[in-house]
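All remarks here apply to the structure that follows.
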Amino acid sequence: MKLKNIFIGGSLLVVCGLGINAVQDAPSDENQEKKIANDYNVYALPMPEDLEFAGEKVPVEIPDVYERMDRELLVNTYWQSNTLLLLKRANKYFPVIEPILAEHGVPDDFKYLAVIESSLTNAVSPAGARGFWQIMESTGKEYGLEINDNVDERYNIEKSTHVAAEYFKKSKERFGNWTLAAAAYNAGNYGVDRQRERQDVSDYYDLLLGEETGRYIFRILALKEIMENPQQYGFNFRQKDLYQHIPSYKVKVDTAVTDFARFAQNFGINYKILKIHNPWLREAHLNNRSRKEYLIELPEEGYYPAP
0 MKLKNIFIGG SLLVVCGLGI NAVQDAPSDE NQEKKIANDY NVYALPMPED
50 LEFAGEKVPV EIPDVYERMD RELLVNTYWQ SNTLLLLKRA NKYFPVIEPI
100 LAEHGVPDDF KYLAVIESSL TNAVSPAGAR GFWQIMESTG KEYGLEINDN
150 VDERYNIEKS THVAAEYFKK SKERFGNWTL AAAAYNAGNY GVDRQRERQD
200 VSDYYDLLLG EETGRYIFRI LALKEIMENP QQYGFNFRQK DLYQHIPSYK
250 VKVDTAVTDF ARFAQNFGIN YKILKIHNPW LREAHLNNRS RKEYLIELPE
300 EGYYPAP
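Counted the way numbering that gives the first Met the number 0 counts, the sequence shown spans residues 0 to 306.
Quick look at the structure:
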């Protein structure tokens, strides 16, 4: 009985103590300022000034535009592991993508579409879109990519970037601005046209669109802002922390290849390394009955240990 009374009395003291602390620790500007000294803090982010995509202004003075932009900045700033991975991969792959976009006269900002489409990986979507640019099979074939059991050029970063650039240009001609051209890469040209006619507006920021397309441009803008100003958003790294482009060269192949493992060994690498550099080769052999000429990428000597 005494133990029970002691336990109850002790519990009351704890409750009273918590109540006192709660009163003493009531929210105030002074308490808030003290707590900002913690090692880890989460801050509201200031809206960047003069936001634009491909030279086209973002009207953040419109309340819903402001809130949608703010959401994507917060999500991508505080999903630190993912955004840091994107920064690392961009150092490796942007130098491949940028000159191809420039060659087609497509603004450099479109490289961020590859970032949000695939996280700069050879991703496969539930609908069957593949590669850095998430190209569907029908679209790839329409634009001249080879897609079969042996070869799928949607996984070829150079060839697929040429296709994406051509698609962007056609959409720009259709809609008259780059922002809608970018949105159409997600919703399709017909989908964007249908909503413009239905809602009787012609600007992306005036359209009411589905969840994915409604976020699409803002996700691009947020990652562009963060990746161009990483330290401002708390991302700290050295150049040596980023993934590096591996110097390579290409060999011509215009015959069948019966065994790519042996083929790789002839060049001082193994099958895994061959496939890393040529993900568009989908099988361990190449039929090539038409004797088409392929360019197979190989790393320069010394970047991998000999097999």
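Glycine is no exception: its CB is placed at the ideal position from the N, C-alpha and C atoms.
Can you give the Cα-Cα distance for residue i and residue j, rounded to whole angstroms?
| i | j | result |
| --- | --- | --- |
| glutamine 243 | lysine 274 | 18 angstroms |
| tyrosine 189 | asparagine 269 | 45 angstroms |
| aspartate 63 | aspartate 69 | 10 angstroms |
| leucine 294 | serine 247 | 12 angstroms |
| valine 250 | lysine 158 | 16 angstroms |
| isoleucine 81 | valine 114 | Per the sequence presented here, residue 81 reads as asparagine, with isoleucine not at that position. Going from the Cα of asparagine 81 to the Cα of valine 114 covers about 11 angstroms. |
| threonine 257 | glutamate 282 | 10 angstroms |
| threonine 120 | glutamine 230 | 24 angstroms |
| arginine 197 | arginine 67 | 23 angstroms |
| glycine 130 | valine 41 | 34 angstroms |
| tyrosine 92 | aspartate 108 | 14 angstroms |
| arginine 290 | alanine 255 | 7 angstroms |
| isoleucine 19 | glutamate 71 | At isoleucine 19 the pLDDT is 36, less than 50, meaning the model places this residue with poor confidence; the figure from the coordinates comes in the next sentence. Taking the straight line joining both Cα atoms gives about 40 angstroms. |
| glutamate 51 | glutamate 292 | 42 angstroms |
| isoleucine 96 | isoleucine 134 | 15 angstroms |
Since residue i sits in a beta bridge, which residues does DSSP pair it with?
| i | result |
| --- | --- |
| aspartate 151 | Ile146 |
| valine 123 | Arg129 |
| phenylalanine 262 | None, per the DSSP bridge assignment. |
| serine 247 | Pro298 |
| serine 55 | Contrary to the premise, residue 55 reads as glutamate rather than serine in this sequence. Answer is Phe52, bridged to glutamate 55. |
| isoleucine 134 | Arg129 |
Taking residue i and residue j to be in contact with their CB atoms under 8 angstroms, please state how far apart those CB atoms are, rounded to whole angstroms.
| i | j | result |
| --- | --- | --- |
| valine 162 | tyrosine 142 | 4 angstroms |
| leucine 112 | isoleucine 219 | 6 angstroms |
| leucine 100 | alanine 164 | 6 angstroms |
| threonine 178 | tryptophan 132 | With a Cβ gap of about 18 angstroms, threonine 178 and tryptophan 132 do not count as contacting. |
| glutamate 296 | histidine 276 | 4 angstroms |
Using a Cβ-based criterion (distance less than 7 angstroms to any ligand heavy atom), does residue i qualify as near the ligand ATP?
| i | result |
| --- | --- |
| isoleucine 225 | Because no ligand of any kind appears in the structure shown, any question about the ligand ATP cannot be addressed here. |
Between the options, which lies nearest to residue i when the distance is taken from Cα to Cα?
| i | options | result |
| --- | --- | --- |
| leucine 83 | Ile156, Arg237, Lys168 | Arg237 |
| glycine 301 | Lys140, Gly267, Gly104, Ile96 | Gly267 |
| proline 106 | Glu296, Lys56, Lys168 | Lys168 |
| alanine 186 | Glu210, Gly175, Glu172 | Glu210 |
| valine 308 | Phe262, Asn286, Phe217, Pro278 | Missing from the structure shown is residue 308; the chain here goes from 0 to 306 and no further. |
- Task: Would you check if there are 3 or more beta carbon pairs closer than 8 angstroms linking the segment 225-240 to the segment 76-94?
- Result: yes
- Query: Would you call the segment 80-96 and the segment 136-154 touching, i.e. three or more CB-CB distances under 8 angstroms?
  - Reply: no
- Query: Are three or more beta carbon pairs between the segment 179-189 and the segment 202-211 nearer than 8 angstroms?
  - Reply: yes
- Do three or more CB pairs link the segment 46-53 to the segment 189-198 at distances below 8 angstroms? no
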